[in-house]
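One structure is given here, and the rest of the page talks about it.
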Amino acid sequence: MSRTAAISGFVIIALTGASGCGSDSSGKSSGSAAAAAATTDGSGDGTKDVSISDCAYVEKQGIAAKLSAMNPSATATYSYTVTVKFTAPDGSALDPQDFSLLFVRPGRTDSHDITAPYNPKAGAPTKGAKCEIAKVVRGTG
């Protein structure tokens with residue numbers, strides 16, 4: 001129980017102290033997926049560990065991004081808190097979404113779909129959505 005409390009406290013401190021932004025883009029699958037991230041904790045650069053492999057409009061769900069975190073460590077377990085920015089096919093910005101991939105074991109990759117609500121108007125485009133990693137915080141544990 002005390003380990004969980006310590007980890008939670010670390011993540012809260014790391015999140016409130018996070019700042020900065022960089023960019024690195026890569027287009028994959030339908031739509032486009034770009035990576036731009038900042039890491040401020042002492043665990044190293046989580047930017048390279050996190051990626052978006054798919055970004056597309058999904059009917060009745062909105063804009064969906066497949067988020068993956070690959071832990072390159074041979075010994076340490078990491079948790080990642082990621083903020084994803086979404087842009088609708090019509091170019092309008094959607095609310096950013098935060099998601100945590102917790103306890104990614106050494107040498108493993110964990111993935112999860114993250115969505116932003118979007119209901120296109122009749123006749124509006126549904127292709128060309130963009131998903132971008134805006135921030136990554138990586139912590140141990």
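If you number the sequence shown the way the UniProt record's numbering does, the last residue is 141 and the count never jumps. Just so it is clear, CB atoms sit at the ideal spot from N, CA and C, and this is done for glycine as well. Predicted, not measured: the structure shown is a model, and the values here were computed from it.
### Query
When the Cα of residue 81 is compared with those of 74, 68, 87 and 64, which residue comes out closest?
68
### Task
Output yes or no for whether 8 Å exceeds the beta carbon distance between residue 72 and residue 83.
no
#### Entry: Straight-line gap, residue 46 to residue 123 (C-alpha atoms, nearest Å)
40 Å
### Query
Can the beta-carbon of residue 139 be found closer than 8 Å to that of residue 79?
Taking 8 Å as the Cβ cut-off, residue 139 and residue 79 qualify as a contacting pair.
### Task
Can you say whether residue 87 is buried or exposed, counting buried as having 16 or more other CB atoms within 10 angstroms of its CB?
buried
### Query
Pick from 54, 114 and 117: whose alpha carbon is nearest that of residue 128?
54
### Message
Using the three-state DSSP reduction, which class does residue 115 fall into: helix, strand or coil?
### Response
strand
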